[in-house]
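By the count of our numbering, the sequence shown reaches residue 112 at its end, each step adding exactly one.
Scroll down for the structure; my scribbles are underneath it.
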Amino acid sequence: MRRRKNLAELERERGRLLERIGVQRSQLPAQFAPVAHLLQFSERVAQTVQSARTFVRGHPWAMGAIGAVLVLRRPRSLGRWMKRGLLVWRTWRTARNFAQALQRQLNRPSG
2 MRRRKNLAEL
12 ERERGRLLER
22 IGVQRSQLPA
32 QFAPVAHLLQ
42 FSERVAQTVQ
52 SARTFVRGHP
62 WAMGAIGAVL
72 VLRRPRSLGR
82 WMKRGLLVWR
92 TWRTARNFAQ
102 ALQRQLNRPS
112 G
(Lines of atoms letter the chains of each structure in order from A and count residues from 1; the text may use other names and numbers.)
(Lines give C-alpha, C1' and ligand atoms only; values in the text may rest on other atoms or scores of the structure.)
Protein backbone atom coordinates (compact mmCIF):
# COMPACT_ATOMS: atom_id res chain seq x y z
CA MET A 1 0.00 0.00 0.00
CA ARG A 2 1.29 3.40 -0.90
CA ARG A 3 1.92 5.87 1.87
CA ARG A 4 0.69 9.40 1.32
CA LYS A 5 3.38 12.01 1.60
CA ASN A 6 2.88 14.67 4.15
CA LEU A 7 3.22 18.35 3.35
CA ALA A 8 6.79 18.64 4.71
CA GLU A 9 8.00 15.78 2.49
CA LEU A 10 6.33 17.33 -0.52
CA GLU A 11 8.00 20.67 0.20
CA ARG A 12 11.42 18.99 0.51
CA GLU A 13 10.88 17.14 -2.78
CA ARG A 14 9.77 20.36 -4.45
CA GLY A 15 12.90 22.10 -3.16
CA ARG A 16 15.13 19.34 -4.54
CA LEU A 17 13.37 19.51 -7.91
CA LEU A 18 13.67 23.31 -8.07
CA GLU A 19 17.37 23.05 -7.22
CA ARG A 20 17.86 20.46 -9.96
CA ILE A 21 16.00 22.68 -12.43
CA GLY A 22 18.23 25.60 -11.48
CA VAL A 23 21.37 23.56 -12.12
CA GLN A 24 20.03 22.38 -15.48
CA ARG A 25 19.15 25.94 -16.48
CA SER A 26 22.64 27.15 -15.63
CA GLN A 27 24.15 24.35 -17.74
CA LEU A 28 21.87 24.95 -20.72
CA PRO A 29 23.77 27.88 -22.33
CA ALA A 30 27.02 25.91 -22.33
CA GLN A 31 25.33 22.85 -23.80
CA PHE A 32 23.72 24.86 -26.59
CA ALA A 33 26.77 26.98 -27.46
CA PRO A 34 27.46 25.03 -30.70
CA VAL A 35 23.82 25.37 -31.72
CA ALA A 36 23.87 29.09 -30.96
CA HIS A 37 26.83 29.44 -33.31
CA LEU A 38 24.85 27.65 -36.03
CA LEU A 39 21.90 29.95 -35.42
CA GLN A 40 24.15 32.98 -35.84
CA PHE A 41 25.51 31.50 -39.05
CA SER A 42 22.01 30.84 -40.34
CA GLU A 43 21.04 34.42 -39.58
CA ARG A 44 24.02 35.70 -41.59
CA VAL A 45 23.03 33.44 -44.48
CA ALA A 46 19.44 34.70 -44.22
CA GLN A 47 20.68 38.30 -44.41
CA THR A 48 22.76 37.46 -47.48
CA VAL A 49 19.79 35.76 -49.13
CA GLN A 50 17.61 38.78 -48.33
CA SER A 51 20.20 41.08 -49.89
CA ALA A 52 20.30 38.89 -53.01
CA ARG A 53 16.50 38.86 -53.16
CA THR A 54 16.43 42.66 -52.94
CA PHE A 55 18.99 42.91 -55.74
CA VAL A 56 17.06 40.50 -57.96
CA ARG A 57 13.82 42.40 -57.43
CA GLY A 58 15.56 45.69 -58.15
CA HIS A 59 17.41 44.44 -61.25
CA PRO A 60 15.21 41.98 -63.14
CA TRP A 61 16.99 42.74 -66.40
CA ALA A 62 20.27 41.44 -64.93
CA MET A 63 18.65 38.17 -63.90
CA GLY A 64 17.03 37.84 -67.32
CA ALA A 65 20.39 38.40 -69.02
CA ILE A 66 22.08 35.80 -66.81
CA GLY A 67 19.28 33.33 -67.50
CA ALA A 68 19.49 33.93 -71.26
CA VAL A 69 23.25 33.38 -71.26
CA LEU A 70 22.88 30.14 -69.32
CA VAL A 71 20.15 28.83 -71.61
CA LEU A 72 22.08 29.70 -74.75
CA ARG A 73 25.35 28.37 -73.42
CA ARG A 74 24.45 24.93 -72.08
CA PRO A 75 20.80 23.91 -71.84
CA ARG A 76 21.54 20.46 -70.33
CA SER A 77 23.79 21.76 -67.60
CA LEU A 78 21.13 24.33 -66.75
CA GLY A 79 18.81 21.49 -65.74
CA ARG A 80 21.46 20.03 -63.45
CA TRP A 81 22.07 23.43 -61.86
CA MET A 82 18.34 23.93 -61.39
CA LYS A 83 18.10 20.56 -59.58
CA ARG A 84 21.05 21.49 -57.39
CA GLY A 85 19.56 24.89 -56.69
CA LEU A 86 16.25 23.31 -55.72
CA LEU A 87 18.03 20.89 -53.40
CA VAL A 88 19.98 23.73 -51.76
CA TRP A 89 16.82 25.80 -51.40
CA ARG A 90 14.86 22.95 -49.79
CA THR A 91 17.75 22.15 -47.46
CA TRP A 92 18.06 25.79 -46.49
CA ARG A 93 14.33 26.08 -45.84
CA THR A 94 14.32 22.95 -43.65
CA ALA A 95 17.38 24.10 -41.70
CA ARG A 96 15.90 27.58 -41.25
CA ASN A 97 12.61 26.19 -39.95
CA PHE A 98 14.48 23.89 -37.56
CA ALA A 99 16.66 26.75 -36.32
CA GLN A 100 13.64 29.00 -35.79
CA ALA A 101 11.82 26.27 -33.83
CA LEU A 102 14.90 25.70 -31.70
CA GLN A 103 15.26 29.43 -31.12
CA ARG A 104 11.63 29.61 -29.99
CA GLN A 105 12.25 26.72 -27.59
CA LEU A 106 15.32 28.43 -26.13
CA ASN A 107 13.50 31.76 -25.76
CA ARG A 108 10.36 30.27 -24.23
CA PRO A 109 9.82 31.60 -20.72
CA SER A 110 10.10 28.90 -18.11
CA GLY A 111 7.46 28.54 -15.52
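Note that the Cβ used here is the ideal one computed from N, Cα and C, for glycine as well.
Three-state secondary structure assigned by DSSP to residue i
| i | result |
| --- | --- |
| Lys6 | coil |
Range of the contiguous alpha helix (DSSP H) that encloses residue i
| i | result |
| --- | --- |
| Arg94 | Pro76 to Asn108 |
| His38 | Ala34 to Gly59 |
Beta carbon of residue i nearer than 8 angstroms to that of residue j
| i | j | result |
| --- | --- | --- |
| Ala100 | Ser43 | yes |
| Arg97 | Ala66 | no |
| Val36 | Leu103 | yes |
| Leu107 | Phe33 | yes |
Residues of its chain near residue i, where Cβ-Cβ distance is below 6 angstroms and the 5 sequence neighbours each way are ignored
| i | result |
| --- | --- |
| Leu71 | Leu79 |
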